[in-house]
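K.L.:
In full-length UniProt numbering, the protein residues as written are 1 to 230.
Glycine included, each C-beta is placed from N, C-alpha and C at the ideal position.
Please see the structure below; I have some questions.
What follows is the structure in structure tokens.
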């Protein structure tokens, strides 16, 4: 699925991001779908009401991004994420929540979610977040990262502790971590720093090993907590 955009008289074809929405509230699904419908390069292609629906959507529909509520009847979002880990191909899962960051959100990230957003996010930010997730980046609501850091860290880090953790990294690794915190994909980081994709992947692996972060999203939270994005 592609869309056409005209820039300076030249028509450029772009891949459309295929999105699934799973939320037990029909009005919430309709609201998110309406927002995403305003973006020419985003298409909502499937919807569901609980975790069981999420599993079925992933099995039967080609999705790039899955927006997933956590608290739902029958099967909640966490159980769905546990099951999705067994699937051969899983879209980028972004958690939507009406709550402040809590242990459930932290667990979702440990189970492979690529980020988290509050449901009352601004429309433009939601569209941007879907694009970032589809491109392999981490999606973080900045208003939640301070609360979330305590749930994610194996050792609780305040802002000073996070900064000290990051200071132990080389300047190059701090540059990469800063861009991870901004939601950049490996390809975008490689282009910005003029490195190869494989080099960036190696740097990200080094960062995870050195900081004890479980995945890219927790590293992005650490970058924000340490003030690398200030």
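Distance, Cα to Cα, residue 8 vs residue 97?
P.N.:
With a pLDDT of 43 at residue 8, under the threshold of 50, the modelled position of that residue is not reliable, and no figure is offered here.
K.L.:
Can you give me the C-alpha to C-alpha distance between residue 44 and residue 114, rounded to a whole angstrom?
P.N.:
18 angstroms
K.L.:
DSSP beta-bridge partners for residue 97?
P.N.:
Its beta-bridge partners are 118.
K.L.:
When DSSP labels each residue in this structure, what does residue 231 get in the three-state scheme?
P.N.:
Nothing in the structure corresponds to residue 231, since the chain is present only between 1 and 230.
K.L.:
On a Cα-Cα basis, can you pick out the residue from 37, 84 and 25 that is closest to residue 71?
P.N.:
Nearest to residue 71 by C-alpha distance, out of 37, 84 and 25, is 25.
K.L.:
Among the residues of its own chain, which have a CB less than 6 angstroms from the CB of residue 132, if the five just before and after it don't count?
P.N.:
139 and 183
K.L.:
Report back the beta-carbon spacing between residue 60 and residue 78 to the nearest angstrom; my notes put them in contact at under 8 angstroms.
P.N.:
Contact flag wrong, Cβ pair sits at about 22 angstroms.
K.L.:
What separation, rounded to the nearest whole angstrom, lies between the Cα atoms of residue 223 and residue 75?
P.N.:
Computed Cα separation, rounded: 33 angstroms.
K.L.:
Is residue 112 helix, strand or coil by DSSP?
P.N.:
coil
K.L.:
Mind checking who residue 69 pairs with in its DSSP beta bridge?
P.N.:
96
K.L.:
In the DSSP assignment, the beta strand (DSSP E) including residue 202 goes from what residue to what residue?
P.N.:
From DSSP, residue 202 is part of no beta strand (DSSP E) but of the alpha helix (DSSP H) over 197–211.
K.L.:
Whose C-beta lies closer than 6 angstroms to the C-beta of residue 200 among residues of the same chain, with five residues either side of it excluded?
P.N.:
186, 189 and 190
K.L.:
What does the Cβ neighbour count give for residue 172, buried or exposed, with the cut at 16 atoms within 10 Å?
P.N.:
exposed
K.L.:
Taking just the CA atoms, how far does residue 194 sit from residue 219?
P.N.:
21 angstroms
K.L.:
Per the DSSP calculation, residue 22 is bridged to which residue(s)?
P.N.:
48 and 68
K.L.:
What's the gap between the Cα of residue 37 and the Cα of residue 135?
P.N.:
19 angstroms
K.L.:
Looking at the strands, I want to know which residues DSSP matches up with residue 140.
P.N.:
116
K.L.:
In the DSSP assignment, find the alpha helix (DSSP H) that holds residue 61 and state where it starts and stops.
P.N.:
Careful: residue 61 lies outside any alpha helix (DSSP H) and carries neither H nor E.
K.L.:
Helix, strand or coil: which one does DSSP assign to residue 105?
P.N.:
Residue 105: helix per DSSP, three-state reduction.
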